[in-house]
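Chemist: First the structure, which I've put down as structure tokens, then a few questions once you've had a look.
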Amino acid sequence: MAVRAEAAPPRLRASGIRYGELLIKGLLGVCALISVATTIGIVMALFLPAIEFFQEVSFVDFITGTEWAPLFEPGLFGVMPLIVGTLSVTFWAVLVAVPLGLGAAIYLSEYATARTRKTLKPLLEILAGVPTIVYGYFALTFFTPLLRDLGLDVDIFNPLSGGLVMGVMIIPTVASLSEDAMSAVPRDLRYGAFALGSSRMKVATRVVVPAAVSGIIASFVLGISRAVGETMIALVAVGQQPNLTFDPREGVETMAAFIAATGAGDVPTGSIEYKTIFAVGATLFVMTLVMNVVAIRLVRKYREVYE
Numbered sequence: 008m009a010v011r012a013e014a015a016p017p018r019l020r021a022s023g024i025r026y027g028e029l030l031i032k033g034l035l036g037v038c039a040l041i042s043v044a045t046t047i048g049i050v051m052a053l054f055l056p057a058i059e060f061f062q063e064v065s066f067v068d069f070i071t072g073t074e075w076a077p078l079f080e081p082g083l084f085g086v087m088p089l090i091v092g093t094l095s096v097t098f099w100a101v102l103v104a105v106p107l108g109l110g111a112a113i114y115l116s117e118y119a120t121a122r123t124r125k126t127l128k129p130l131l132e133i134l135a136g137v138p139t140i141v142y143g144y145f146a147l148t149f150f151t152p153l154l155r156d157l158g159l160d161v162d163i164f165n166p167l168s169g170g171l172v173m174g175v176m177i178i179p180t181v182a183s184l185s186e187d188a189m190s191a192v193p194r195d196l197r198y199g200a201f202a203l204g205s206s207r208m209k210v211a212t213r214v215v216v217p218a219a220v221s222g223i224i225a226s227f228v229l230g231i232s233r234a235v236g237e238t239m240i241a242l243v244a245v246g247q248q249p250n251l252t253f254d255p256r257e258g259v260e261t262m263a264a265f266i267a268a269t270g271a272g273d274v275p276t277g278s279i280e281y282k283t284i285f286a287v288g289a290t291l292f293v294m295t296l297v298m299n300v301v302a303i304r305l306v307r308k309y310r311e312v313y314e
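Numbering-wise, our numbering comes out as the position in the sequence shown, counting from 1, plus 7.
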């Protein structure tokens with residue numbers, strides 16, 4: 008008895024060249040290349056003058072120095088006061104944004120009704136659209152006098168009021184991204200926990216939050232990155248006094264505020280004082296890059312995949 012050969016599976020192929028599809032593919036490739044080229048251009052524009060700066064100033068002295076006065080004669084190029092000022096402001100911002108943002112996200116995801124969520128979430132996100140210069144003057148004219156009325160002996164420019172207001176600015180970022188991550192957790196996990204007799208609070212804090220921890224961490228990192236690089240609030244409310252202190256009552260200067268103030272001044276282009284802008288910018292870039300790399304590793308480690 009003859010055995011019939013199995014028919015070969017049909018091959019799917021285009022009947023002709025699709026020029027429209029090729030055009031769209033080419034445009035998308037150009038967009039990707041523009042993004043990469045822009046990133047490379049930013050890095051080169053930032054690091055080439057920074058390298059020239061470090062040819063004149065010791066990198067070790069720059070990182071470990073405790074006095075910052077680049078416009079003095081002789082100039083002092085210890086960036087540590089700017090780093091400490093940046094971390095001080097970021098600390099107070101995170102102290103406000105993380106608990107309030109996460110609490111708002113838990114309420115919107117686990118407690119609020121659909122109608123309430125549709126109303127409150129857009130209202131919360133309006134805070135993200137307020138210009139940062141408005142936040143800066145709000146910190147200077149409202150929060151600083153308020154802190155003084157409460158008995159705190161703060162300077163006119165201080166990291167405490169600037170950091171607290173900066174934290175309010177970051178709340179929508181943390182709350183919105185965290186709420187999206189928690190809403191993506193399957194309902195079956197919640198129903199299973201309720202079936203075992205768990206309260207709504209236990210379900211939210213012991214089931215939903217751990218399941219969405221990767222997205223929550225990502226929201227924290229994005230908020231912290233915005234605080235580290237914030238310029239106008241730091242320039243208006245925190246001050247331009249490069250003091251090496253963690254005392255939130257004394258004025259300090261952040262790296263972003265120094266870049267903005269010096270770049271808008273009368274520093275001669277190509278001078279060592281001008282190149283400090285790029286050296287400080289490169290330091291800020293490396294700090295945020297390291298923080299984001301660590302965050303990506305944490306997100307990948309604790310990411311939960313659901314089918």
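Even glycine gets a Cβ: it sits at the ideal position worked out from N, Cα and C.
Keep in mind the model is a prediction, meaning the values are calculated, not measured.
(1) What did DSSP end up calling A76 once you bin it into helix, strand or coil?
(2) Once you ignore the five residues that flank M87 on each side, which residues in its own chain have a CB closer than 7 Å to its CB?
(3) Tell me which residues share the same chain as G143 and place their Cβ nearer than 6 Å to its Cβ, disregarding the 5 neighbours each side in the sequence.
(4) Taking E327 as the reference, which of F66, G92, V50 has the closest Cα?
(5) Between the alpha carbons of E237 and A264, how many angstroms are there, rounded?
(6) Please state the DSSP three-state secondary structure of L157.
(7) With H, G and I counted as helix, E and B as strand and the rest as coil, what does DSSP make of F316?
(8) Let me know if R122 comes out buried or exposed under the rule of 16 or more other beta-carbons within 10 Å of its beta-carbon.
(9) In angstroms, rounded to a whole number, what distance separates the CA positions of Y114 and A104?
(10) Would you check if the region 129-137 and the region 218-232 touch, i.e. whether three or more CB-CB distances between them fall below 8 Å?
(11) Using C-beta distances below 7 Å, list every residue in its chain close to M8, excluding the 5 sequence neighbours before and after it, in chain order.
(12) Going by DSSP, what residues sit across from L83 in a beta bridge?
(13) In or out: F150 buried (at least 16 other Cβ within 10 Å) or exposed?
(14) For the alpha helix (DSSP H) containing I223, list its first residue and its last residue.
(15) Determine the extent of the alpha helix (DSSP H) in which I266 is found, giving its start and end residues.
(16) Can you round the beta-carbon distance between V287 and L89 to whole angstroms, since I take them to be within the 8 Å contact cut?
(17) Consult DSSP for S190 and reduce its assignment to one of helix, strand or coil.
(18) Tell me whether L53 sits in a helix, a strand or coil according to DSSP, three-state version.
(19) Can you round the beta-carbon distance between A112 and A182 to whole angstroms, since I take them to be within the 8 Å contact cut?
(20) Inspect the beta-carbon positions of E260 and P77 and report whether they are closer than 8 Å.
(21) Measure the CB-CB distance between A271 and I177 and report whether it falls below 8 Å.
(22) Just the Cα atoms here: how many angstroms apart are S1 and K209?
(23) If I follow the unbroken alpha helix (DSSP H) through E117, where does it start and stop?
(24) Judging by CA-CA distance, which residue of W75, P152, P179, G277 is the nearest neighbour of G110?
(25) Which value, in whole angstroms, describes the spacing of the CA atoms of S185 and E80?
(26) At the level of alpha carbons, what is the spacing between S206 and T97?
(27) Where does T252 fall in DSSP's three states?
Modeler: On the basis of the data shown:
(1) strand
(2) T71, G72, T73, L251
(3) M239, I240, V243, A244
(4) Here the chain comprises residues numbered 8 to 314, so residue 327 is not present and cannot be evaluated.
(5) 8 Å
(6) coil
(7) This structure cannot settle anything about residue 316, because the visible part of the chain is limited to 8 through 314.
(8) exposed
(9) 15 Å
(10) no
(11) Note that M8 has pLDDT 49, beneath the 50 cutoff, so the model's placement of it is unreliable and the number below is only indicative. So no residue of the chain qualifies.
(12) A76
(13) buried
(14) 220-236
(15) 262-270
(16) 6 Å
(17) helix
(18) helix
(19) 5 Å
(20) no
(21) no
(22) Given a span of 8 to 314 for the chain in the structure shown, any question on residue 1 remains unanswerable.
(23) It is not in any alpha helix (DSSP H) - E117 carries neither H nor E in the DSSP assignment.
(24) P179
(25) 49 Å
(26) 35 Å
(27) coil
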